[in-house]
Amino acid sequence: MHRLFEDFIREFYRRHLKEATVSSRKLWFEASSDSQEALDRIPSMQMDTLIEWPNRTIIVETKYYREALVRKRNYEQEKFRSAHLYQLMAYLTNYHGEN
């Protein structure tokens with residue numbers, strides 16, 4: 008279901024944002040090493056939806072969960088899942104507008 012949801016989101020934006028380019032993009036962490044073997048062990052990242060205009064870019068991370076928020080011990084209120092925010096931060100840190 009999550010793949011269907013991701014595809015739906017991309018197609019929705021393609022149909023409604025005619026002036027934008029809508030795609031999914033693979034990113035790599037910025038890393039350096041003397042060992043190619045070490046670099047080969049670093050995973051790539053697959054953005055769900057990337058919307059690009061000449062002067063603006065939006066990265067859309069789609070999650071398909073029954074409950075968007077979680078309640079953890081020591082928190083009085085529900086919070087976003089931290090792993091999802093870390094994932095989005097990794098995209099924002101490593102995306103440099105390359106085509």
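Following the numbering used here, the numbering of the sequence shown begins with 8 at its first residue and continues without gaps. Virtual Cβ for every residue (Gly too), placed ideally from N, Cα, C.
Spatial distance of residue i from residue j (CA atoms)
i, j, result
"E44", "L99", "26 Å"
"I66", "S39", "25 Å"
"F19", "D41", "44 Å"
"E13", "W35", "20 Å"
"Y82", "K70", "22 Å"
"N101", "T64", "14 Å"
"K86", "G104", "30 Å"
"F15", "L95", "20 Å"
"T56", "R80", "32 Å"
Run of the alpha helix (DSSP H) containing residue i, from where it starts to where it stops
i, result
"S89", "S89 to N101"
"L11", "H9 to H23"
Identified DSSP bridge partners for residue i
i, result
"L34", "M52"
"E59", "T28 and T64"
"L76", "F87"
For residue i, three-class secondary structure by DSSP
i, result
"D47", "helix"
Are the segment 16-28 and the segment 52-60 in contact at 8 Å, needing three or more beta carbon pairs?
Yes, since at least three Cβ pairs between the segment 16-28 and the segment 52-60 fall closer than 8 Å, the two stretches touch.
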